[in-house]
Structures are given as structure tokens and as C-alpha cells.
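Residue numbers (the numbering used here): 815 to 1105. All C-beta atoms in this analysis are idealised placements derived from N, C-alpha and C, irrespective of residue type, glycine included.
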Ligand SMILES: [Zn+2]
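Okay, here's the thing in C-alpha cells:
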């Protein structure tokens, strides 16, 4: 399952089914699901055991790290991605410290608790990572997965202390679903409780813009969705910086249309679906990630 509290046979979180209030044909819950039968389309996973589900989450965490490398989201040892363990929700899987996103693999990810103790794996974890992520995972039990990295456009946009505007269909996914955190701007979250400010200020937002620091994304659904929101958020920051730098007058999507877009193109299922495109691409080309 991809949802914390869903029954073991369910694979899609409730908020992934909120594309449309109407009942679609043939049991579909998204208009993106093909009506025509027999076509190739990403299968929503179901799991026979918690072991299968753990393997899925770990594999997709590793893939997300490889994809972050492909997009150039590395900055030395900065950047951390986490996903809860399906059996022990107080533990989370994360990428190892001082291992490039491109070198993350199944055999070097680590399982840690909320105090930063590694309970499985040989590598250390990132101090700032566990302070930040553990605070969110501890204070927000609904958060399944979280991503953070020091990216160029996200860091630049976060210097403005402003939220993203609905300048495009893609940006509408963050309309009224983002939090700008201006408290302790730019502080490195290495002290025990310093991640709490962010965890408290984020509300239920999928996107957090930490002023003078960078981007964080969360998902109640999956590491797939959290990673996709991060990629989308960085891209939207780039687009807004570009259009503002152009000096041209900007037309915004009206609020009611922005909400409509978020409802239909900004669900967890859609984020998961976007990520499958990237997962299938990277899994074929970098099979060593499974080692
Ligand atoms: Zn950081």
C-alpha cells in the first residue's frame, strides 16, 4: 500500500482518488486512466506482504535519488530523501551521508529512527537531514515521504520569501498547497529541535519554501509523489524566476481555475503517475541501482 492507514491490499491513497467527484467508467478514478482495455499503462501496485511493500518503497527511494542526480540536484553531501517503513512507521529509509545521489543503491540506503539512530545499514545519515526530516515525520504522522535538496532555482526563489504564483498549469499544483517558512531564515537544521519550526509552519502543505535555504516537499502518498513534487517545484521556481527576469507583464491563472487545475492535475495519483515515467527510464538504464 502507499497510504499509511490503508488496508494492506490498497495501493492508492485516498487523496489520489480525488481527481474527480464523479464516477468514471470501468472503475477508473482518473481521466488519465485509459478507457480502452489492453493498453500499456502503469499498474498501481498491490502487495501480498509487508516485505513486498518495503521492497517497493526502498526501490523507489533509490530511483528517486538517481533521478535527483540526473537532474543535477546534488550539492556535496546536502540533500536527503526519506520514506517511512511500512511495518514500523516510526522508522524511515533514507539515502546515506556523503554518497552521491548517483551512487545510491539498494545496498547502501539506511533505516533510521526519529533520534537519528541507524537501525539498519552501514552508513551514517546526514545530521541536518535527520533533524529536519525526523521533526516532520514525528510531528506529522500523515507524511509518508519527504524530499529536500539544495537546488539552484529553488534556493534562488527562496531568497524572495514569497510563495509561487499560479503562472502556469504546472504551478497550479502548488496553489494554496505551499508554505513559505520565514522563521530562522537560512538556518542550518543541525540542532536537536531546529527542524520543529519547519514541521510546525508547514501546515499540511506539500511544498515548503524555507527562506534563504531551499525547497522541501512532502507526500502522504508515496516517495514517488514527494519526489515528483520536488522536481515540479524546482521547475516552477525556474519558470517564475525566468518570467520575472524578462520584465514582461505576467498574467496569472485566476484562483478558481488554479483550484480546478490542482484538483485534476495536482493529485497524488497524478504525481505518482508522472514519477513512473522517470522510474521506468532510470530503472532500464541504471540497473546497478538494484544492487
Ligand atoms: Zn538543506
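Query	Result
Can you have a look at residue 835 and say buried or exposed, based on whether 16 or more other CB atoms are within 10 angstroms of its CB?	The pLDDT assigned to residue 835 is 46, lower than 50, so where the model puts this residue is not dependable; a value taken from the coordinates is nonetheless given after this. Label assigned to residue 835: exposed.
DSSP on residue 846, reduced to helix/strand/coil?	coil
Are the Cβ atoms of residue 1040 and residue 1032 separated by less than 7 angstroms?	yes
Spatial neighbours of residue 1076 within its chain, please: C-beta separation below 7 angstroms, excluding the five flanking residues on both sides.	986, 987, 989 and 991
By the 10 Å Cβ neighbour count, where 16 or more other Cβ atoms means buried, how is residue 1105 classified, buried or exposed?	exposed
Per DSSP, which one or two residues make a beta bridge with residue 927?	905
What separation, rounded to the nearest whole angstrom, lies between the Cα atoms of residue 882 and residue 1070?	33 angstroms
On the three-pair Cβ rule with 8 angstroms, is the region 962-971 touching the region 1046-1063?	yes
Can the beta-carbon of residue 1090 be found less than 7 angstroms from the beta-carbon of residue 856?	yes
Determine the closest residue to residue 1065 out of 979, 1014 and 1025, with distance taken between C-alpha atoms.	979
Could you tell me the alpha carbon to alpha carbon distance between residue 860 and residue 871, rounded to whole angstroms?	12 angstroms
Work out the CA separation of residue 1099 and residue 924 for me, nearest whole Å.	24 angstroms
So residue 1023 is in the beta strand (DSSP E); what residue range does that whole segment cover?	1021-1024
How should residue 1062 be labelled, buried or exposed, when 16 other C-beta atoms within 10 angstroms of its C-beta is the threshold for buried?	exposed
Applying the 10 Å Cβ sphere with the 16-neighbour rule, what's the burial state of residue 886?	exposed
What did DSSP end up calling residue 895 once you bin it into helix, strand or coil?	strand
Using C-beta distances below 7 angstroms, list every residue in its chain close to residue 894, excluding the 5 sequence neighbours before and after it, in chain order.	908, 909, 940, 943, 947 and 962
Please list the terminal residues of the continuous beta strand (DSSP E) segment that includes residue 1033.	1028-1033
Grab the span of the beta strand (DSSP E) containing residue 934 for me, first residue to last.	932-934
Can you list, in chain order, the residues of its chain whose CB lies under 7 angstroms from that of residue 1046, leaving out five sequence neighbours each side?	984 and 987
Among residues of its own chain, excluding the 5 on either side of residue 896, which ones have a beta-carbon nearer than 6 angstroms to its beta-carbon?	906, 908, 947 and 960
State the start and end residues of the unbroken alpha helix (DSSP H) segment that holds residue 1100.	Counting along the chain, residue 1100 falls outside any alpha helix (DSSP H), and DSSP gives it neither H nor E.
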